[in-house]
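Presented below is the structure to which this report refers.
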Amino acid sequence: MIRRLVAEFVGTFFLVFGVGVSQGQPFTVGGTLWAAQIFTGFSSGGQFNPAVTLAIITRKHITKTLTTQELKELMCFIAAQITGSIMAALLSWGIVRYAAYFDVALGYNRGEAFLAEFLYTTLLCANAIMAGVLTDSNLLVGAAVSMSVTAGDWSVGNISGGCFNPAVGFGVNLIHLFKDGDHFGNTWIYIIAPLIGGIMGGLTSTIFIKELQSQRSKVAEEDDHQHST
Numbered sequence: 002m003i004r005r006l007v008a009e010f011v012g013t014f015f016l017v018f019g020v021g022v023s024q025g026q027p028f029t030v031g032g033t034l035w036a037a038q039i040f041t042g043f044s045s046g047g048q049f050n051p052a053v054t055l056a057i058i059t060r061k062h063i064t065k066t067l068t069t070q071e072l073k074e075l076m077c078f079i080a081a082q083i084t085g086s087i088m089a090a091l092l093s094w095g096i097v098r099y100a101a102y103f104d105v106a107l108g109y110n111r112g113e114a115f116l117a118e119f120l121y122t123t124l125l126c127a128n129a130i131m132a133g134v135l136t137d138s139n140l141l142v143g144a145a146v147s148m149s150v151t152a153g154d155w156s157v158g159n160i161s162g163g164c165f166n167p168a169v170g171f172g173v174n175l176i177h178l179f180k181d182g183d184h185f186g187n188t189w190i191y192i193i194a195p196l197i198g199g200i201m202g203g204l205t206s207t208i209f210i211k212e213l214q215s216q217r218s219k220v221a222e223e224d225d226h227q228h229s230t
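Heads up, the sequence shown is in our numbering, so the first residue is 2 and it goes up one at a time.
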């Protein structure tokens, strides 16, 4: 378990460091996330996001496969993610002397930013689970998740900043608060909206996985029938 916790810490650390030094440049964030998932994903699954972890918990709860031990481990993952985020945000500020932050963009309101974060976190979390079902390749799973983040950043980054990750939002905004004393008031958006998105992603992916399993069963039955004849 320790190695899996370290994997979540390291992966989230690199992700947030990329956010901090690039000020959230979409391809930097997506590329760093993909690289981190290839680097450590084989150990912990490469979640690096409490919303993704919550999506996994939701799916396992719905399918009645969540054990007490798994729940404890996944909650520890969230603690590791938050710790890695805070330390990376601090280091990135120490290097570039600028503390990145997430806040509602001028011209938009909290409701619009909340909706943007919720929708793309739902897509991100659903893709993370679906990709894990469709393939065993960390390379392909990482690509699907990273492209979801990059697409979200390009789509709604001008509305909410494109966070989609409670650990990232809390970590960078906390360091910015200590440095400049502002832009922390809307941090709840970057925690609550992604967490709800994680639950929705876990729920919707479970529904579609049932359809996928049904299709695979039909294909298997047809193959068996052809072989028997």
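Note that the Cβ used here is the ideal one computed from N, Cα and C, for glycine as well. This one's a predicted model, so the numbers in the text were calculated from it and none came from an experiment.
Can you list, in chain order, the residues of its chain whose CB lies under 6 Å from that of residue i, leaving out five sequence neighbours each side?
{"i": "A129", "result": "V53, V146"}
{"i": "R5", "result": "S44, S45"}
{"i": "D154", "result": "P27, G163"}
{"i": "S184", "result": "The question names Ser, but residue 184 in the sequence shown is His. Y102, D104, H177."}
{"i": "A89", "result": "F14, V17, F18"}
{"i": "T207", "result": "R60, I63"}
{"i": "T29", "result": "G19, S23"}
Could you spell out the range, first to last residue, of the alpha helix (DSSP H) harbouring residue i?
{"i": "K180", "result": "167 to 181"}
{"i": "W155", "result": "139 to 161"}
{"i": "W94", "result": "69 to 97"}
{"i": "F18", "result": "3 to 23"}
{"i": "F52", "result": "With the sequence shown as reference, residue 52 is identified as Ala, and Phe is not the correct amino acid for it. Counting along the chain, the alpha helix (DSSP H) containing A52 begins and ends at 51 to 63."}
Can you name, in chain order, every residue of its own chain whose Cβ lies under 7 Å from the Cβ of residue i, other than the five neighbours on each side?
{"i": "T231", "result": "Nothing in the structure corresponds to residue 231, since the chain is present only between 2 and 230."}
{"i": "N166", "result": "N50, A52, P195"}
{"i": "G170", "result": "F103, C164, T188, Y191, I192"}
{"i": "L92", "result": "F18"}
For residue i, name the three-state secondary structure that DSSP assigns.
{"i": "N128", "result": "helix"}
{"i": "V29", "result": "Checking the sequence shown, residue 29 turns out to be Thr, not Val. Residue state, collapsed to three classes: helix."}
{"i": "T188", "result": "coil"}
{"i": "Q214", "result": "helix"}
{"i": "V134", "result": "helix"}
{"i": "Q48", "result": "coil"}
{"i": "Y102", "result": "coil"}
Near residue i, what residues of its chain come up, given a Cβ to Cβ distance below 8 Å and the 5 sequence neighbours on each side ignored?
{"i": "A106", "result": "A114, N159, I160, S161, G162"}
{"i": "C77", "result": "M2, L6"}
Query raised in the report: Does the stretch 85 to 103 touch the stretch 130 to 143, meaning 3 or more C-beta pairs lie closer than 8 Å?
Result: No, they do not touch.
Query raised in the report: Using 8 Å as the Cβ pair cut-off and three pairs as the minimum, do the stretch 120 to 129 and the stretch 193 to 212 touch?
Result: They touch, by the three-pair rule.
Query raised in the report: Any chance the stretch 189 to 197 sits against the stretch 109 to 122, with 3 or more Cβ pairs inside 8 Å?
Result: yes
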